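Step one of this worksheet: look at the structure below.
Numbering (UniProt numbering), first residue to last: 1 to 519.
Structure (structure tokens):
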């Protein structure tokens, strides 16, 4: 048998009835316990000292695991920082009789070492085949650090939502657990995997109350938002778990869970310690091919408003992280919905494994004039700071032109360039928009350059609708590719407003250029 590396640990478990729920499916809480145990052992094997769970990134569950199947969990340290490490967790399930293996989920946990004396965490030395994960671990860490700031920024934007309604308090569930010695880890603190399992249990109860009563079906846990451990608990503590449905998104519902810890003195005084929070996303399993959807969820209190808007914001951030991680791990997205920043007209659409953006602009100029300026791609560097230059390569006819675009560098990487075909069409009848379409093409006269990354535009362009004689609506669309993603990732995740700034620059360009030509 091949030996595991010094930074990798593997666990195999046969799924027994005691691990399953009433539907003979492996409970997600039990799986989280196994995942946390395996990851912790990998972290401690690398660090050579005790480690505790600090956080676990978003998890998308892709396969249902049933009694009789075998779970295989591999955990590997991807990168070590000063006192923390990122551990990648890869979970598969195997059907014993057929031998067919399927992926269940991929997760990334952050562990913090507890050094004694002058001991320090060893820096991660990686082999060539591990370099990709080593490099991406740093990028994922950057996203985690940005997460709180992005959440606050997006919450401010989404507080412009005015739709108010009713949230049923019947979805609120509270449960208490006494931490006993079997619940503690080998350091004496409450085992992080056990806390996550308890959180999943109370969240499932809240989701079941909502879906069973409103839809008539049991929900299935499809994803977990980032777990973040804020503080420890120990044997003898009382842990209070509070769960409530925050929001519903057509085919999914988000349940928020808060964990509070009390020791004996704190219990008598009623002063809890907030030690963990997470959000869990549930789906209604397909039943006879019939698509089931959740009723709308709204709010009546300020706390309900915070939860309602927070769920929308977290969904957008999860979507951003999913597509940023997609370069190395293809995951299945189980629903398609729109989210938007209402103030600025920037929209994000997620469907299957595709991510698309739309930016809407109201411009005080004629539709034909805006169309004429936008159709000349050589003018774009004047208002789009991501464009270094744009040169015409070949003109097929009056409606189709090939351009070579050179773009700026992002995050210290090489600059990118694109070779695109621009097609433009005027309206065929009243009410139709002006159309400008862009897609990548290959041209022998413009070979890839060594100092830049040749990237692809799959489907992008503008629709220009006439609103009045001197006013039009300009809509920009882009199906995001790996080459386009670096330029929009900040907007998707919420820590940047570069797209809004570019849109404002475009509006000023279209309007000021008109004034200049008039005078």
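Here a beta-carbon is modelled for each residue, glycine too, at the ideal position from N, C-alpha and C.
Predicted model only: the values in this text are computed from it and were never measured.
From residue i to residue j, what distance separates their C-alpha atoms?
i           : j           : result
residue 205 : residue 419 : 53 Å
residue 271 : residue 176 : 15 Å
residue 107 : residue 192 : 15 Å
residue 440 : residue 453 : 14 Å
residue 114 : residue 375 : 60 Å
residue 398 : residue 424 : 9 Å
residue 89  : residue 404 : 42 Å
residue 72  : residue 387 : 47 Å
residue 266 : residue 9   : 39 Å
residue 217 : residue 208 : 8 Å
residue 249 : residue 426 : 37 Å
residue 369 : residue 510 : 8 Å
residue 503 : residue 469 : 22 Å
residue 479 : residue 462 : 12 Å
residue 393 : residue 449 : 15 Å
residue 81  : residue 22  : 42 Å
residue 537 : residue 57  : Absent from the structure is residue 537, since the part of the chain shown begins at 1 and ends at 519.
residue 34  : residue 14  : 12 Å
residue 11  : residue 38  : 7 Å
residue 100 : residue 220 : 23 Å
residue 431 : residue 301 : 43 Å
residue 102 : residue 36  : 20 Å
residue 401 : residue 464 : 19 Å
If you measure between the beta carbons of residue i and residue j, is that distance less than 9 Å?
i           : j           : result
residue 65  : residue 93  : yes
residue 199 : residue 227 : yes
residue 254 : residue 263 : no
residue 487 : residue 358 : no
residue 473 : residue 361 : yes
residue 434 : residue 367 : yes
residue 202 : residue 32  : no
residue 275 : residue 231 : yes
residue 69  : residue 112 : no
residue 190 : residue 184 : yes
residue 55  : residue 308 : no
residue 406 : residue 428 : no
Between residue i and the rest of its own chain, which residues show a CB-CB distance below 6 Å, the 5 nearest in sequence each way excluded?
i           : result
residue 19  : 26, 30
residue 471 : 364
residue 507 : 361, 363
residue 281 : 222, 223, 252, 254
residue 458 : 479, 481
residue 384 : 502
residue 50  : 114, 187
residue 311 : 246, 247, 254
residue 289 : For residue 289, the predicted model reports a pLDDT of 45, less than 50, meaning its position is unreliable; a value from the coordinates is still stated below. Taken in chain order, the list of residues that qualify is empty.
residue 455 : 416, 418, 483
residue 277 : 258
residue 44  : 51
residue 85  : 43, 77, 111
Got a sec, what are the start and stop residues for the beta strand (DSSP E) residue i sits in?
i           : result
residue 229 : 227-229
residue 260 : 252-262
residue 113 : 101-113
residue 91  : 84-94
residue 461 : 460-468
residue 53  : 51-56
residue 75  : 70-80
residue 421 : 415-425
For the alpha helix (DSSP H) containing residue i, name the first residue and the last one.
i           : result
residue 31  : 28-47
residue 372 : 367-374
With a 10 Å radius around its C-beta and 16 neighbouring C-beta atoms as the bar for buried, classify residue i as buried or exposed.
i           : result
residue 416 : buried
residue 40  : buried
residue 447 : exposed
residue 445 : exposed
residue 396 : exposed
residue 467 : exposed
residue 110 : buried
residue 499 : buried
residue 304 : buried
residue 172 : exposed
Looking at residue i and the ligand ZN, is the gap between the Cβ and the nearest heavy atom below 8 Å?
i           : result
residue 243 : In the structure on display, the ligand ZN does not appear, and there are no ligands present to speak of.
Residues in its own chain within less than 8 Å of residue i by CB, not counting five upstream and five downstream?
i           : result
residue 24  : 17, 66, 67
residue 42  : 7, 8, 9, 75, 76, 77, 87
residue 512 : none
residue 181 : 235
residue 442 : 419
residue 179 : 190, 233, 234, 235, 236, 237, 238, 239
residue 413 : 453, 486
Only counting the same chain, and skipping five residues up and downstream in sequence, which positions put a Cβ closer than 7 Å to that of residue i?
i           : result
residue 531 : The shown model of the chain, from 1 to 519, leaves out residue 531, and the question about it has no answer.
residue 410 : 486, 487
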